[in-house]
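Before any comments, here is the structure.
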Amino acid sequence: MSEQETAATTERGYRKTRRGYVVSDKMQKTVVVEVEDRVKHPLYAKVIRRTTKVKAHDEVETAGVGDLVLIAETRPLSATKRWRVVEVLERAK
Numbered sequence: 001m002s003e004q005e006t007a008a009t010t011e012r013g014y015r016k017t018r019r020g021y022v023v024s025d026k027m028q029k030t031v032v033v034e035v036e037d038r039v040k041h042p043l044y045a046k047v048i049r050r051t052t053k054v055k056a057h058d059e060v061e062t063a064g065v066g067d068l069v070l071i072a073e074t075r076p077l078s079a080t081k082r083w084r085v086v087e088v089l090e091r092a093k
């Protein structure tokens, strides 16, 4: 865990964190992040990639399309927004 993650967990208690790629930054202070989850099929034992799109709050509007970001779970910020951007891990090329 990074220094920011440990500080966030001690202040607020345990929060889920996920890594994903920004697919849209058209909204103000909001980015859409595609999060990939790898699960093993119960019968065939093949690893399946499942993706979900979540909206994350980006207060300083630093994340752009294609960036790899770390997002953390937070209280509901709007009807669909439940995550916030902790840091940009890798910029898009």
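Okay, so the sequence shown: first residue is 1 according to full-length UniProt numbering, each after it adds one. C-beta atoms are modelled at their ideal positions from N, C-alpha and C, and glycine is treated no differently.
Taking C-beta to C-beta, are residue i and residue j nearer than 9 Å?
i, j, result
"Ala-72", "Asp-25", "no"
"Leu-68", "Gly-13", "no"
"Val-32", "Lys-46", "no"
"Leu-70", "Thr-17", "yes"
Alpha carbon to alpha carbon, how far is residue i from residue j?
i, j, result
"Asp-37", "Lys-93", "24 Å"
"Thr-74", "Lys-55", "11 Å"
"Val-22", "Asp-58", "11 Å"
"Tyr-44", "Val-85", "36 Å"
"Arg-91", "Val-35", "16 Å"
So, with DSSP's three-state summary, where would you put residue i?
i, result
"Glu-61", "coil"
For the putative contact between residue i and residue j, defined by C-beta atoms under 8 Å, what is the C-beta separation to the nearest angstrom?
i, j, result
"Glu-61", "Lys-81", "Not quite, the Cβ-Cβ distance comes to about 14 Å (not below 8 Å), so this is no contact."
"Val-65", "Arg-50", "Not really, about 22 Å apart at Cβ, beyond 8 Å."
Residue ranges of each beta strand (DSSP E) run of no fewer than 3 residues wholly in the region 29 to 57, ordered along the chain? 30 to 40 and 47 to 57
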